[in-house]
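K.L.:
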Amino acid sequence: MNIMTIIGMLLTSLGALFLLLGAIGIVRMPDMYTRMQAGTKATTLGAMSFILGIGFMEPAWLIKTILIVVFIALSNPISSHALARAAHRSGIFPLSRENIDLYKKDNQEDKS
Amino acid sequence: MPELFPLSPVHYVAAPLLAAFLLPLVAKLSRSFIKILPGLTFLYVLYVSAVLYPQALQAPIIEQIAGWAPPLGINLYYGPMAGLFASLFSALGFIVWLYSLTQMKQEPLDRFYILLMMLVAGATGMVLTGDIFNLFVFMEITAISAYSLTAFLREDDKAEAGFKYILIGSLASAFVLLGIAILYSYTGTLNLADLALNMDKVPLSVRVIVFGLFLVGFGIEAEIFPLNGWAPDAYSAAPAPVSALFAGITVKAALYALARVTILLFPFAGSMALISILGLVTLVISELAALHQKNLFRMLAYSSMGQVGLAIAALGLFTAEGVYAALFAMINHAIVKGMLFLTVFAMAGGSATLDGLNGMGRKKPILSLLFTLGAFAIIGLPPFSGFWSKLSVLTAMGQTGNYAMIAIVLATTIVEAAYFLRATGRLYLSEGNPAEGKTPLSAIAALAVLAAGILWIGFFPGSIDETLTAGAQDLLDTAKYTEGVLKD
Amino acid sequence: MIYYIASIAVMLIGLYAVLVKKNLIKIVIGLSLMDAGTHLLLVAIGFIKGGTAPIFSEPGLTADAMVDPVPQALVLTAIVIGLAVTAVALALVIRIYAQHKTLDIRKISSLKW
Amino acid sequence: MDTFYYILGGILLLALVIAAFRFFQGPTAPDRIVALDAMSIILTAGLAMLALVFHRFIYIDVALIYAILGFMGIVSIARWMEKGI
Amino acid sequence: MKKLLAAFLLGFIGYYLYTAFAGVPFGENKMEVGKDYLETTVPKTGAVNTVTSIVVNYRGFDTLGEVTVLFLAATGLGAILFGMKGKPEDKHREPSSILTTGAKALFPIIVLLGAYIFIHGHLTPGGGFQGGTIIATGVLILILGIKSFHANHALLSVMESLAGITFVVAGILGLAFGKNFLENILPLGTPGQVLSAGIIPIIYIAVGFKVGAELAGVLDTLMSTTRGEE
Numbered sequence: 672m673n674i675m676t677i678i679g680m681l682l683t684s685l686g687a688l689f690l691l692l693g694a695i696g697i698v699r700m701p702d703m704y705t706r707m708q709a710g711t712k713a714t715t716l717g718a719m720s721f722i723l724g725i726g727f728m729e730p731a732w733l734i735k736t737i738l739i740v741v742f743i744a745l746s747n748p749i750s751s752h753a754l755a756r757a758a759h760r761s762g763i764f765p766l767s768r769e770n771i772d773l774y775k776k777d778n779q780e781d782k783s
Numbered sequence: 439m440p441e442l443f444p445l446s447p448v449h450y451v452a453a454p455l456l457a458a459f460l461l462p463l464v465a466k467l468s469r470s471f472i473k474i475l476p477g478l479t480f481l482y483v484l485y486v487s488a489v490l491y492p493q494a495l496q497a498p499i500i501e502q503i504a505g506w507a508p509p510l511g512i513n514l515y516y517g518p519m520a521g522l523f524a525s526l527f528s529a530l531g532f533i534v535w536l537y538s539l540t541q542m543k544q545e546p547l548d549r550f551y552i553l554l555m556m557l558v559a560g561a562t563g564m565v566l567t568g569d570i571f572n573l574f575v576f577m578e579i580t581a582i583s584a585y586s587l588t589a590f591l592r593e594d595d596k597a598e599a600g601f602k603y604i605l606i607g608s609l610a611s612a613f614v615l616l617g618i619a620i621l622y623s624y625t626g627t628l629n630l631a632d633l634a635l636n637m638d639k640v641p642l643s644v645r646v647i648v649f650g651l652f653l654v655g656f657g658i659e660a661e662i663f664p665l666n667g668w669a670p671d672a673y674s675a676a677p678a679p680v681s682a683l684f685a686g687i688t689v690k691a692a693l694y695a696l697a698r699v700t701i702l703l704f705p706f707a708g709s710m711a712l713i714s715i716l717g718l719v720t721l722v723i724s725e726l727a728a729l730h731q732k733n734l735f736r737m738l739a740y741s742s743m744g745q746v747g748l749a750i751a752a753l754g755l756f757t758a759e760g761v762y763a764a765l766f767a768m769i770n771h772a773i774v775k776g777m778l779f780l781t782v783f784a785m786a787g788g789s790a791t792l793d794g795l796n797g798m799g800r801k802k803p804i805l806s807l808l809f810t811l812g813a814f815a816i817i818g819l820p821p822f823s824g825f826w827s828k829l830s831v832l833t834a835m836g837q838t839g840n841y842a843m844i845a846i847v848l849a850t851t852i853v854e855a856a857y858f859l860r861a862t863g864r865l866y867l868s869e870g871n872p873a874e875g876k877t878p879l880s881a882i883a884a885l886a887v888l889a890a891g892i893l894w895i896g897f898f899p900g901s902i903d904e905t906l907t908a909g910a911q912d913l914l915d916t917a918k919y920t921e922g923v924l925k926d
Numbered sequence: 102m103i104y105y106i107a108s109i110a111v112m113l114i115g116l117y118a119v120l121v122k123k124n125l126i127k128i129v130i131g132l133s134l135m136d137a138g139t140h141l142l143l144v145a146i147g148f149i150k151g152g153t154a155p156i157f158s159e160p161g162l163t164a165d166a167m168v169d170p171v172p173q174a175l176v177l178t179a180i181v182i183g184l185a186v187t188a189v190a191l192a193l194v195i196r197i198y199a200q201h202k203t204l205d206i207r208k209i210s211s212l213k214w
Numbered sequence: 093m094d095t096f097y098y099i100l101g102g103i104l105l106l107a108l109v110i111a112a113f114r115f116f117q118g119p120t121a122p123d124r125i126v127a128l129d130a131m132s133i134i135l136t137a138g139l140a141m142l143a144l145v146f147h148r149f150i151y152i153d154v155a156l157i158y159a160i161l162g163f164m165g166i167v168s169i170a171r172w173m174e175k176g177i
Numbered sequence: 283m284k285k286l287l288a289a290f291l292l293g294f295i296g297y298y299l300y301t302a303f304a305g306v307p308f309g310e311n312k313m314e315v316g317k318d319y320l321e322t323t324v325p326k327t328g329a330v331n332t333v334t335s336i337v338v339n340y341r342g343f344d345t346l347g348e349v350t351v352l353f354l355a356a357t358g359l360g361a362i363l364f365g366m367k368g369k370p371e372d373k374h375r376e377p378s379s380i381l382t383t384g385a386k387a388l389f390p391i392i393v394l395l396g397a398y399i400f401i402h403g404h405l406t407p408g409g410g411f412q413g414g415t416i417i418a419t420g421v422l423i424l425i426l427g428i429k430s431f432h433a434n435h436a437l438l439s440v441m442e443s444l445a446g447i448t449f450v451v452a453g454i455l456g457l458a459f460g461k462n463f464l465e466n467i468l469p470l471g472t473p474g475q476v477l478s479a480g481i482i483p484i485i486y487i488a489v490g491f492k493v494g495a496e497l498a499g500v501l502d503t504l505m506s507t508t509r510g511e512e
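So the sequences go chain by chain: A, B, C, D and E. If you read the first sequence in this note's numbering, its first letter stands for residue 672, the second for the next number, and so on. If you read the second sequence in this note's numbering, its first letter stands for residue 439, the second for the next number, and so on. If you read the third sequence in this note's numbering, its first letter stands for residue 102, the second for the next number, and so on. If you read the fourth sequence in this note's numbering, its first letter stands for residue 93, the second for the next number, and so on. If you read the fifth sequence in this note's numbering, its first letter stands for residue 283, the second for the next number, and so on.
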């Protein structure tokens, strides 16, 4: 059990934990945007560290796992942004007492 | 050239494929290539037929694709029967191409010709292949070109007919795929000859189920009775040259597949009797339905189903005479019905009704004459090819002692005569509106070739006797088939 | 065994959608479900307990410890064919919609049967 | 080492099931898609873990492809929901 | 009533399918041909991936048909939807600039990955169809992310034709060398290397380009019939 394996095990455990937290957040959060907060940020970090950890556990796979990590890092924010925008435009608004919706203020043209 | 590219049955599929892939490229160079290239391809394939078919009559040509011996690789079996069908398909394809040179004006023409070539190539592949999954693939090639061609014209209701066809057609493909899955799970092989030897691994009850799946699957394409709801719509929606090909090629290829699979894999008496009865039912119901049609294309479609029913009824006897008669009926039907579809389209346009034929005898005498010829040939009047084919069907039924079948066939002939003679009567006896436009020479030439075929077979029925006998033997002799394929 | 039952069930659900549903898009979805069920069935046939993917990428892998490769190759072909049929069906649906402005087969007279 | 794999796999499975709960329950369509997005990411991690468990390098490719396809699916649905296509 | 009838039919079909598969043991080794494939694939085709060697070499004719089916679907789609255009009044919302930038950044990565997948078709669980699909996905993100994006149909159709011709010519070359259609004519090389397995990589690269071009064309055709342009 060398140092790489131990780093890998730590990273995978952390990743699995974040994935689980993200999943719990999706269920527990009160409205769609907060759920998205949990469901995309936490799972992105979780998946990245999980897959990087796998790369550390099998050092021969490191390059390809880093490729996946880079891809997730690039693609996940885009997809969650598109999703949030779509939700906002299809008429779902944040649930909060002050009703702060800066996006709506900035984008007056879509009043939907 | 012959040394560099030794002719082999794979050219039937490879040449149209190459042409289809080439067509979008040459279309960029010159628009006129679009029309020429398919004709050249069909001519080449006909040349292949002319060289290979006499050889196949001596001994079947078996080609191993990619050089793997059959249980591993796919093989092509080019025996007398497959050769007969492949040659027939290429000839029909060439004639339809000749006809649509001037009659087909709807853009996009390049796509039309690609789909046309692939329809023919797919059907030829279905006939040639000796592997059941490959059969499925070629069936799908044929079917997808047929779906697209059905909805090719842009008028109303064409897309609906295409959708109906695609629904039922994908049901057929799912059933065939399921049948293949069951067969593979029991025998672990996909080659038809190998399957035929390993069928005892499959329990009898499962064999019946698989037979049912294949019957439904191929029966949908072959327009057997309860499964042919798509056919009238598709025939009347598709451009007429394509309808001619549906009647002449797709149905025949599916029938061949059904016959080959049944004889090789399910040679029990019940399956054959079932096929025969289904054929008779198809015959009766579609001839009766044809009697009520006002739209000429629908009438021809129902008549086409009836003819196919006749061929299936004869095929279901599974005696040498029966298969002989079925082959004769199929060839006759391919030629005559193709000619009728093309003639009607040239005479009265895409949406021809019975009234559209009124008084055509004087305005378009040649086309009217051809239509009359075709009608007489379908009914089975003596000097034409239809007479001999019906006679052989009746003889085959008489030899097995099925006099009830003879009675049914004769009765439907009367129905058939009623509606075809009614249509012919409209040509000469009624007054109609003046029709304008001349029929181009290439269309007339294409029709003349078919008419010559009808007359040739009508006056010299002995000339195709040898090929039909060889074809019938080839289909029935399963031992020779399996030995030939698995010889090494 | 449960795998066979499940994939047959997927196929039958697709068939049910094709037979009963009134919306053209749902019918097309039913068609692709039918295909999917058949593909699952094929893959399930090829499975062998303890088998791994039939790829000899690393030394030490032997043919005994691999699943049947043939159904996988067949499924690859069948998926592509299913995709092609679905694409053509969707194109036809677009044509029908452009003509009738509806996807309900009860309102399209020529599609009743 | 096997115990470790089992624990990891268990956590991933649990996360998948919890996310699936929101997918089935989610009151609005975007809720379901958020859950679907999370599920596809968890599955990507799971596929990578399968490669580790079976010690087959080639399975990593599957995870990569799944990441691409999951991303494309979410973006397509999102663009469709905002009436962008 | 109709539902009842349908349910009855489903029960009927389901029961018989179940009885058909009841005799098939699950998870047991029942290979006949499969065994031969597994044993001969590395020495005789040089490919490491057995599925690829079956798809491209042993049953290459199926794949030729499969490529044709896809080609026909693209052709048929073009024929069915010929001349149909979205109406200007159903204008659609523009994508956000984040998505546009992201699409432009991700497109080359996705296409490279697709190319990687089909070049390594004989070594990894990839192949022409998979790689081609990934490439089409790359085009899809451009369609989704860039306002009024249109794929270059002329380029796509040239690519498609050339790739198809490569496949058929690779088959005919086998005939020209006195062997069978689609038979391997190149040296097999060392199994496991990128340059090995004879004509398998060549065919799969052609298939990859073809599938990518066709699917991209299909997506673009479908999209342009529904998207209104100003």
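Where a beta carbon is used, it is the ideal one built from N, C-alpha and C, also for glycine. Values in this document were obtained by computation on a predicted structure and should not be read as measured data.
Strictly by DSSP, which residues pair up with Gly309(E)?
P.N.:
Paired residues: Ile149(C).
K.L.:
Just mark Pro454(B) as buried or exposed, buried being the case when its beta carbon has 16 or more other beta carbons within 10 Å.
P.N.:
When all chains shown are included, Pro454(B) counts as buried.
K.L.:
Distance check for Gly818(B) and Met313(E), CA to CA, integer angstroms please.
P.N.:
So the two alpha carbons sit approximately 53 Å from each other.
K.L.:
Using C-beta distances below 6 Å, list every residue in its chain close to Asp594(B), excluding the 5 sequence neighbours before and after it, in chain order.
P.N.:
For Asp594(B), where only same-chain residues beyond five positions count, there are no Cβ hits under 6 Å.
K.L.:
Quick check on this structure: which residue in Leu633(B), Ala728(B) and Ser586(B) has the alpha carbon closest to the alpha carbon of Glu854(B)?
P.N.:
The shortest Cα separation from Glu854(B) among Leu633(B), Ala728(B) and Ser586(B) belongs to Ala728(B).
K.L.:
Distance cutoff 8 Å, beta carbons only. Does Val144(C) sit that close to anything in chain G?
P.N.:
Of the chains in the structure shown, none is chain G; the protein chains are A, B, C, D and E.
K.L.:
Using the Cα positions of Gly521(B) and Ile804(B), report the straight-line distance between them to the nearest angstrom.
P.N.:
When rounded, the distance between both Cα atoms is 33 Å.
K.L.:
Decide if the region 694-702 of chain A is in contact with the region 103-116 of chain D; the criterion is three or more beta carbon pairs, one per stretch, under 8 Å apart.
P.N.:
Touching, per the Cβ criterion.
K.L.:
What are the start and end residues of the beta strand (DSSP E) that includes Leu162(C)?
P.N.:
Run containing Leu162(C): none; DSSP gives neither H nor E here.
K.L.:
I'd like the list of long-range same chain contacts for Phe656(B), defined as Cβ closer than 6 Å, with 5 residues on each side in sequence excluded.
P.N.:
Ala692, Ala695 and Leu696.
K.L.:
Could you run through the region 341-352 of chain E and flag, in chain order, every residue whose CB is less than 9 Å away from some CB of chain C?
P.N.:
Under the 9 Å Cβ criterion, the region 341-352 of chain E contributes Arg341, Asp344, Thr345, Gly347, Glu348, Val349, Val351 and Leu352.
K.L.:
Could you tell me the alpha carbon to alpha carbon distance between Ala672(B) and Thr382(E), rounded to whole angstroms?
P.N.:
Roughly 44 Å separates the two Cα atoms.
K.L.:
Closest by CA to Gln496(B), which one among Leu924(B), Val923(B), Trp506(B) and Glu904(B)?
P.N.:
That would be Glu904(B), whose Cα lies nearest to the Cα of Gln496(B).
K.L.:
Could you compute how far the alpha carbon of Arg171(D) sits from the alpha carbon of Tyr300(E)?
P.N.:
C-alpha separation (whole angstroms): 42 Å.
K.L.:
Please work out which residues of its chain come closer than 6 Å, Cβ to Cβ, to Ala504(B), disregarding the five sequence neighbours upstream and downstream, and give them in chain order.
P.N.:
Taken in chain order, the residues that qualify are Gly511.
K.L.:
So, are the CB atoms of Leu346(E) and Glu496(E) less than 8 Å apart?
P.N.:
No; because the gap between Cβ atoms is not below 8 Å, this pair is not in contact.
K.L.:
Would Val740(A) and Ile725(A) be called neighbours here (beta carbons separated by less than 8 Å)?
P.N.:
No, they are not a contact pair.
K.L.:
Is the beta carbon of Ile157(D) closer than 8 Å to that of Ile416(E)?
P.N.:
Yes. Within cutoff.
K.L.:
Which of the three DSSP states, helix, strand or coil, is assigned to Ile380(B)?
P.N.:
Lying before the first or after the last residue shown, residue 380(B) is absent from chain B, which here runs from 439 to 926.
K.L.:
Can you find a CB in chain D that lies within less than 8 Å of the CB of Ser133(C)?
P.N.:
No, its Cβ sits nowhere closer than 8 Å to a Cβ of chain D.
K.L.:
Which of helix, strand or coil does DSSP assign to Phe290(E)?
P.N.:
Helix at Phe290(E).
K.L.:
Taking the CB atoms as reference points, tell me whether Ile533(B) and Ala884(B) lie closer together than 8 Å.
P.N.:
Their beta carbons are under 8 Å apart, which means Ile533(B) touches Ala884(B) by this criterion.
K.L.:
In chain order, which continuous runs of the alpha helix (DSSP H) of length 4 or greater are located wholly inside the region 727-774 of chain B?
P.N.:
Segments of the alpha helix (DSSP H) lying fully in the region 727-774 of chain B: 734-753.
K.L.:
Cutting at 8 Å between CB atoms, please list the residues of its own chain near Thr419(E), excluding the five before and the five after it.
P.N.:
Ile392 and Gly396, listed in sequence order.
K.L.:
Can you name the residues that DSSP bridges to Asp169(C)?
P.N.:
Asp169(C) pairs with nothing; no bridge assigned.
K.L.:
Give a yes or no on whether the minimum CB-CB distance between Ser378(E) and chain A is below 8 Å.
P.N.:
Taking Cβ atoms only, chain A reaches closer than 8 Å to Ser378(E), which makes this a yes.
K.L.:
Within 10 angstroms of the Cβ of Arg645(B), are there 16 or more other Cβ atoms? Answer buried if so, exposed if not.
P.N.:
Its Cβ being crowded by 16 or more others within 10 Å, Arg645(B) is buried.
K.L.:
Scan the region 690-712 of chain A for residues whose Cβ lies nearer than 7 Å to a Cβ of chain D and list them as they occur along the chain.
P.N.:
Listed by position along the chain: Leu690, Leu691, Gly693, Ala694, Ile695, Ile697, Val698, Met703, Arg706, Met707, Gly710 and Thr711.
K.L.:
Should Ile295(E) and Leu142(C) be called a contact, given that it needs their Cβ atoms to be closer than 8 Å?
P.N.:
No, they are not a contact pair.
K.L.:
With distances taken from CA atoms, which of Gly650(B), Ala849(B) and Val722(B) is nearest Leu712(B)?
P.N.:
Comparing Cα positions, the closest option is Gly650(B).
K.L.:
Excluding sequence positions up to five away, which residues of its chain have a Cβ less than 6 Å from the Cβ of Tyr104(C)?
P.N.:
Only Ala145 meet the Cβ criterion.
K.L.:
Going by DSSP, what residue range makes up the alpha helix (DSSP H) through Gln502(B)?
P.N.:
Premise fails: Gln502(B) lies in the beta strand (DSSP E), Ile499 to Gln502, not in any alpha helix (DSSP H).
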